[in-house]
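Quick note on my numbering: the sequence shown kicks off at 486 and runs consecutively.
Notes follow the structure.
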Amino acid sequence: MPARLGIDLGSSSVKLAKVNGKKVEVLGMTSNPVGKVMVETEKERDALAEVIKRMVVEYKISERRFRIVVPESVVYSRVINLPVLSDAELSSAIRWEAEQYIPVPLDEVELSWEVVDRPVKRTGGEKMRVYLAAADKKLVNGLMEVFAEIGLEPERIEPELVTTSRAIALERKLTGATMVAIMGATGMGIGVFENDQLLFVYKFGSGGVALTRSITASLQLTLQQAEEYKITYGVQSNVLEGKLLLAMKPVLDGVIGEMKRAVSYYTQSFPGGQMARVIIAGGVALTPGLVQWMTAQLGVEVAIGNPFEGLEVTGDQSKLGAVYAPVIGATARG
486 MPARLGIDLG SSSVKLAKVN GKKVEVLGMT SNPVGKVMVE TEKERDALAE VIKRMVVEYK
546 ISERRFRIVV PESVVYSRVI NLPVLSDAEL SSAIRWEAEQ YIPVPLDEVE LSWEVVDRPV
606 KRTGGEKMRV YLAAADKKLV NGLMEVFAEI GLEPERIEPE LVTTSRAIAL ERKLTGATMV
666 AIMGATGMGI GVFENDQLLF VYKFGSGGVA LTRSITASLQ LTLQQAEEYK ITYGVQSNVL
726 EGKLLLAMKP VLDGVIGEMK RAVSYYTQSF PGGQMARVII AGGVALTPGL VQWMTAQLGV
786 EVAIGNPFEG LEVTGDQSKL GAVYAPVIGA TARG
């Protein structure tokens, strides 16, 4: 089997992974000079292309085909329920169904779908679940131009929630309901799964940048100082007389509130269901003390996702599994 390569394009960073069989041969990360994924000018396109090209050269990547990961914030996604249809029937009906859920004209987006669950049709009342995803054509075309500029070929473009779930939940065949939460720089995406099936997607705009800014405002620190404090001390209540946790608490409370809403929606929509665990990923997931604090707030097991389970990985980067989960998940798909 040839090596599989992935690039995770985030608003604050670009991550690269190369997996050959069960061995993670390359892990790399650098800053995103554009500060976003939607490249709208030639200058932005060239800047992002140059960063990716440098990474490819630095890590001696000879392969040309990559799987691309983008943030949930730039994708319209939803799980919808439909009468049980064949693939041919679904292909004919999907655009009409998508018009009800995608908040922009369909001729402005690239639309994809995947059957999550198709029960056996017995009485005619059964429902199948279909995952819908749509990305702005400007986003897709811009990224295609970036990669074409440096001679690379994207195999596919996927949302980070899909790839992260593949890496840290589905591969482990978890039973019961699992919330997978990706906590990034500028937003958070949540997917709720039952066994290995996606039930619904939920997202909102609060992440690591908001935490850093809350520290800056409360403790009168520079952004760089606040970021260092957050990374070093996190939400531990016994550090700096609890001032750091107090500064971040409004943002953290907002995050917990949104997660509780997702849990509430799950229990109301799927009677008898119970959330078994929460798995977090993304850079914010590594904040010291966050797992313990979230466990206390949510009342369920919270753990940091490990995308390297079953893989051979060496070096300091192996400690950053939560950060690399989306891009590792991209390489996991056949």
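Beta carbons: idealized from backbone N, C-alpha and C, even for Gly.
Only a predicted model underlies this, so the values are computations on that prediction, with no experimental measurement involved.
Check whether residue i and residue j have beta carbons under 7 angstroms apart
{"i": "Trp778", "j": "Val724", "result": "no"}
{"i": "Met673", "j": "Gly692", "result": "yes"}
{"i": "Arg614", "j": "Val686", "result": "no"}
{"i": "Val560", "j": "Ala620", "result": "yes"}
{"i": "Leu494", "j": "Val542", "result": "no"}
{"i": "Ile492", "j": "Ile553", "result": "yes"}
{"i": "Val789", "j": "Ile765", "result": "Checking the displayed sequence, the identity of residue 789 turns out to be Ile instead of Val. Closer than 7 angstroms, so yes."}
{"i": "Val429", "j": "Tyr616", "result": "Summary: the structure shown does not reach residue 429, with the chain confined to residues 486 through 819, and so no result is reported for it."}
{"i": "Val736", "j": "Gly768", "result": "no"}
{"i": "Pro540", "j": "Leu501", "result": "For the record, residue 540 in the displayed sequence is Met; it is not Pro. Yes. Within cutoff."}
{"i": "Glu645", "j": "Pro518", "result": "no"}
{"i": "Leu708", "j": "Thr701", "result": "yes"}
Cα-Cα separation between residue i and residue j, rounded to whole angstroms
{"i": "Arg530", "j": "Lys622", "result": "15 angstroms"}
{"i": "Thr697", "j": "Val776", "result": "18 angstroms"}
{"i": "Glu726", "j": "Ala781", "result": "20 angstroms"}
{"i": "Ala732", "j": "Ser699", "result": "6 angstroms"}
{"i": "Lys538", "j": "Ile635", "result": "6 angstroms"}
{"i": "Glu640", "j": "Val694", "result": "31 angstroms"}
{"i": "Ile642", "j": "Leu704", "result": "40 angstroms"}
{"i": "Glu638", "j": "Leu783", "result": "42 angstroms"}
{"i": "Phe755", "j": "Ser749", "result": "10 angstroms"}
{"i": "Gln753", "j": "Arg549", "result": "46 angstroms"}
{"i": "Val798", "j": "Lys804", "result": "10 angstroms"}
{"i": "Gly757", "j": "Asp738", "result": "27 angstroms"}
{"i": "Leu591", "j": "Glu713", "result": "43 angstroms"}
{"i": "Glu525", "j": "Val594", "result": "16 angstroms"}
{"i": "Leu683", "j": "Ser577", "result": "23 angstroms"}
{"i": "Tyr544", "j": "Met629", "result": "22 angstroms"}
{"i": "Asp681", "j": "Leu706", "result": "44 angstroms"}
Residues bridged to residue i (per DSSP)
{"i": "Ser562", "result": "Ala618"}
{"i": "Asn505", "result": "Lys508"}
{"i": "Phe678", "result": "Thr663, Leu683"}
{"i": "Ile553", "result": "Ile492, Ile642"}
{"i": "Lys688", "result": "Gly674"}
{"i": "Gly513", "result": "Leu501"}
{"i": "Leu575", "result": "Its beta-bridge partners do not exist; DSSP assigns none."}
{"i": "Asp602", "result": "Arg614"}
{"i": "Met668", "result": "Met673"}
Whole-number beta carbon distance between residue j and residue i, since they are thought to touch under 8 angstroms
{"i": "Ala618", "j": "Ser562", "result": "5 angstroms"}
{"i": "Ala670", "j": "Ser497", "result": "4 angstroms"}
{"i": "Leu796", "j": "Val504", "result": "7 angstroms"}
{"i": "Asn791", "j": "Gly806", "result": "5 angstroms"}
{"i": "Met760", "j": "Val785", "result": "5 angstroms"}
Range covered by the alpha helix (DSSP H) that runs through residue i
{"i": "Ile813", "result": "806 to 817"}
{"i": "Leu708", "result": "708 to 718"}
{"i": "Leu796", "result": "Segment: none, Leu796 is in no alpha helix (DSSP H) and carries neither H nor E."}
{"i": "Gln753", "result": "728 to 754"}
{"i": "Ala781", "result": "775 to 783"}
{"i": "Gly693", "result": "693 to 704"}
For residue i, the first and last residue of its enclosing beta strand (DSSP E)
{"i": "Val763", "result": "760 to 766"}
{"i": "Ile789", "result": "786 to 789"}
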